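I have placed the structure first, in the form of structure tokens, so that the comments after it can refer back to it.
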Amino acid sequence: MPRRSRLVAPIAAAVVVIIAGIMLAANFWTDYKWFESVGFTSVFTTELRTRALLFVGAGLVMALIVGASMYFAYRMRPVYPPFLEQQGLDRYRASVDPHRKLFFWGIVGGLALLTGASAGSDWQTYLQFANATDFGATDPQFGIDLSFYTFVYPFLRVILGYLFAAIIIAFIAAVIVHYLYGGVRLQPQGQRATPAARVHLSVLLGVFVLLKAAAYWLDQYGLVFSERGYAFGASYTDVNAVLIAKIILFIIALVCAALFFANIYFKNAMVPMVSLGLLVLSAVLIGGIYPAIIQQFTVRPNEQRLESTYIQRNIDSTRAAYGLSDTEDQTYDAQTELTQEQLVQEASTIPSVRLVDPSVVSQTYQQTQQVRGFYQFPNVLEVDRYPTPEGGTVDTIIAARELEGPPEGQDNWLTRHLVYTHGFGIVAAAGNQVDAEGRPVFTEYGIPPKGELSQVSDGYEPRIYYGNEGAEYVIVNAEPEYDYPLDASSEDVPTTEDAATPTPLASPTPDSAQAPAGNSEEGEQSPTGEESPAEEEGGGATGGDSGQATNHYAGDGGVGIGGLFDRILYAVKYQEPDILLNSAINSESQILYERDPADRVEKVAPFLTVDSNPYPTVVDGRIKWVVDAYTTSNGYPYSNPIDLADATTDTFTEGNNTVDALPGNEVNYIRNSVKATVDAYNGEVTLYNWDDQDPVLKTWSKAFPDILTSKEDISDQLMNHLRYPDDLFKVQREILKRYHVTDANAFYGGQDFWNVPSDPAQDGNNPEPPYRQTLRYPGDDAPTFSLTSTFVPQNRENLAAFMAVDSDPTSETYGQVRLLELPRSTVILGPGQVQNEFQADAAVREVLLPLEQSSAQVTYGNLLTLPFAGGLLYVEPLYVQAGGGDNASYPLLQQVLVGFGQEVAIGSNLQEALNNLFEGGEEPLPEGEGSEESPQQEEGEGGAPSGDLATALEDAAAAYEEGQQALQDGDFAAYGEANQKLEEALQRAEEAAQGGQEEQPEEEQPQEESGG
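Plus 39 on top of the position in the sequence shown (first one is 1) and you've got our numbering.
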């Protein structure tokens, strides 16, 4: 082969190695600079130091064991090969022997590198072992603190695994060297090994069997994770057969190991062979057959009686591991009939019912508040609570207006990474109010921002550089950054002042349920005309003749990229030469990456599992993302493991690119121990120690000191926006499907197990998501912000239980899981059955049929379940969207469906729907002014109105009848005209009524409810 051809392969290999080395170096150094920019360099150095320690330690152990085995095999080689067949290997020895040192160090070094790299991935296991904190509780079988199983046992298993691998590889390497140099032969006749080779191999086998003895001893503690019995954990067979077998096998393994070591003196092949045979036979008979016999002939015929103790252990441990030991469980004899007096007594709870569905109104936000086509709202919005001017709180539908990317046709590297760098502002609407057309009433809206949230404090900063959308990285203070449009048109945005009264104006026709007039191609709907509060802080937005404001980033959330070396590093990291070539990047420029709030928290705290649903809040004039984070373990004795992905999947996560389930790893312990915040402007990450009693978090706090902030440092504003996390609730809900049963015998029967019902408003069998709503739990004096769900019996659809957890962190009962179990003697309709009743009820169909037969799209909102008047009330908003759901329209809340007991009804708002639940429409709930009886009515026979008022009411009644007839006929034009007449008649009636009351003393009016 020509010399030039021989050099091609080495040169190519060297180039590949150099490129890989540069990439690794660039990623390493940019990672360090990122941790330095967020103030968590201790996390980076601790992980690096631990990985290096394990890399060196495991690599050295592997190198020493394998290297020593190969060395001794070579030193013990015979001077003259005693076997004739070995003489055929002379040419191989002749070719290998001159390079034996190269082969030796290559094999040993390669194994050391591979082992070290593998061991480095176990750095978290080692840190937990080295910083283990006691749980203060012991397992019921061995009486050992639970920390042994959670922190110590996993690391001991890792060590045994690497030692087993090292001994096996050392044995194989020894056999190869002995064979190559004549110490071992493979022929079936005659002497197969020299005495020196027998001694060497016997020692290695002795060490292997000694490790096996240690594994048998450790196996007995692993029985608390057994899956042999009816329930997870050590079963009757494990305790009474397998445990004994493991101890016996441990003793036999020690004896066998001693026999292998004794062969150093015997130098006889029979001794190790007999020892190995004894060990294998014992493992089969004692470790396999004997427990199987006990399980088949003793346990199976008496399983319930024999396993009850171990099932009870599983129940108690599982409930403790998932934070359910203190679950408040009460039997709820739900009423199925309601008197008018009871309904009136519960009227005060009606205004707090959240009718606005966060999974439906996203399109409304998109159409009315997008402003430009490159802004984006998530498919499922968030539910938070914010103060009202009256001093209370209201459930609020909130979302961040994030930047999806540059406009269509302008998407290139420069615009995506240097110009369109950030989103702008929060959009929020009251959850229990809509306007007369069925649109949400906004409490925060527009660009520049207007509303209650941006006026809370001076210096409101609406820019969102860190969020769920946008480019992987952006470079700020280089090119002028697009900030917001200066020519955003001022449209009619409904606010709380426009909220409908309990008896709103007649709803528009389905075909008129569309976006406001003047909807431009890019969706310019937001009001303007005022100086933006955003201009007071941030970088100072500046405008010009371009019709748009630009921004200069004034934060310090990025990494400086002004130097040539830094630009080279990031050009290599992102494989983008334009980072190096762009001339606008200067000494003030910063690169912002790891912009997703959940990713930032996971990166600074890699030992945490973050909730899949970070949500935005406005705290002290800043937009901050709140990220719930969990400490998890799969080492809690007897606790039933659960797959997080399966447990957290529902209709919000399936087919939705903005809401994810948790990663699919199996755990059997979880705590919401950390509440994290990420500043949307500068990316600052703060980790709050939410549960300082969690032993897992205490262990990690020892490994990473000073990265957690005390819970006492949470500001009052932030505390008001923390909540019980979605994914933890889903996990606990999944566990309670079976583990609400606390008696072992009842658990074994399984007749009382539950299921989470499928979402009746959606196609498919995905579970119904939990819903956030403010409700008054039975026995409580006041409503609380809660997270709720329901259960149905296995293989049945009626309601079995209602689950709620207090989601208000300022409450003394925050995090308290509560169950209302319905007696089996009372049949309460489940969500699916109620939805079917809505579809089948004649009165409801009379309203829905014309809508469904039109070109409009009818959407059923979230089916809420809440305790009400001693029973359970179902409430479901119904949305209508014109044109079959095209891009120019959005859903409007037009009707409210309710169900109580066996009855269902429909109305234009919640009060009307509840009134319609009563035969004859007696309307026990007040719906507006003059709802109280007047003295004249008490004295007379009815106090019938007269004059203009009577005429107006007659006209309103006639217009209503016309509208209903038109609706049945499908004549939406006539329906719209009738609604206009009805509106005019009601206006005249209101004016006439006010004129008649001018001489009457002013009375306190009942609280208005604006639910629909």
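Note that beta-carbon positions come from the ideal geometry of N, C-alpha and C, so glycine has one too.
On a predicted model such as this, the values are computed, not experimentally measured, just so you know.
Let me know if residue i comes out buried or exposed under the rule of 16 or more other beta-carbons within 10 Å of its beta-carbon.
i: residue 411; result: buried
i: residue 737; result: buried
i: residue 84; result: exposed
i: residue 786; result: buried
i: residue 760; result: buried
i: residue 225; result: exposed
i: residue 304; result: exposed
i: residue 834; result: exposed
i: residue 920; result: buried
i: residue 661; result: buried
i: residue 312; result: exposed
i: residue 18; result: Residue coverage of the chain in this structure runs from 40 to 1051, which leaves residue 18 outside it and unanswerable.
i: residue 138; result: exposed
i: residue 88; result: exposed
i: residue 379; result: exposed
i: residue 974; result: Reliability of the predicted coordinates at residue 974 is poor, the pLDDT of 35 falling under 50, and the value obtained from them is presented with this limitation in mind. Label assigned to residue 974: exposed.
Take residue i and list the residues in its own chain whose beta-carbon comes closer than 7 Å to its own, dropping the five residues that flank it on each side.
i: residue 51; result: none
i: residue 360; result: 675, 678, 707, 708
i: residue 556; result: Annotation note: pLDDT 33 at residue 556 (below 50); position unreliable, coordinate value reported separately. Nothing meets the Cβ criterion.
i: residue 773; result: 681, 686
i: residue 262; result: 273, 277, 281, 282
i: residue 183; result: 177
i: residue 608; result: 65, 68, 69
Please name the residue in the options whose C-alpha comes closest to that of residue i.
i: residue 643; options: 656, 668, 663; result: 668
i: residue 815; options: 864, 860, 906, 459; result: 906
i: residue 812; options: 901, 874, 490, 612; result: 901
i: residue 854; options: 763, 201, 808, 619; result: 763
i: residue 350; options: 406, 312, 402, 273; result: 273
i: residue 726; options: 691, 735, 720, 713; result: 713
i: residue 102; options: 111, 73, 144; result: 144
i: residue 208; options: 158, 165, 333, 107; result: 107
i: residue 689; options: 655, 711, 651; result: 651
i: residue 693; options: 771, 735, 804; result: 804
i: residue 356; options: 236, 177, 514; result: 177
i: residue 64; options: 508, 612, 646, 836; result: 612
i: residue 535; options: 398, 471, 293; result: 471
i: residue 830; options: 796, 110, 537; result: 796
Hey, could you find the ends of the alpha helix (DSSP H) residue i is sitting in?
i: residue 906; result: From DSSP, residue 906 is part of no alpha helix (DSSP H) but of the beta strand (DSSP E) over 903-907.
i: residue 771; result: 765-778
i: residue 955; result: 949-955
i: residue 876; result: 870-879
i: residue 605; result: 603-612
Excluding the 5 residues preceding and the 5 following residue i in the sequence, name in chain order all residues of the same chain whose CB lies nearer than 8 Å to its CB.
i: residue 606; result: 600, 618, 619, 624
i: residue 345; result: 275, 337, 338
i: residue 191; result: 168, 171
Below 8 Å on the Cβ atoms is my guess for residue i versus residue j; work out the distance and round it to an integer in Å.
i: residue 299; j: residue 248; result: 6 Å
i: residue 823; j: residue 810; result: Actually they do not touch by this definition, with Cβ atoms about 14 Å apart.
i: residue 325; j: residue 288; result: 6 Å
i: residue 716; j: residue 663; result: 5 Å
i: residue 456; j: residue 373; result: That belief does not hold up - the Cβ atoms of residue 456 and residue 373 are roughly 57 Å apart, past 8 Å.
i: residue 93; j: residue 159; result: 5 Å
i: residue 403; j: residue 930; result: 6 Å
i: residue 414; j: residue 443; result: 7 Å
i: residue 520; j: residue 460; result: 5 Å
Starting from residue i and walking both ways along the beta strand (DSSP E), at which residues does that stretch end?
i: residue 669; result: 661-672
i: residue 436; result: 432-439
i: residue 715; result: 708-718
i: residue 828; result: 823-832
i: residue 845; result: 840-845
i: residue 910; result: 910-920
Residues in its own chain within less than 6 Å of residue i by CB, not counting five upstream and five downstream?
i: residue 154; result: 97, 98, 101
i: residue 432; result: 424, 426
i: residue 76; result: 598
i: residue 912; result: 905, 939
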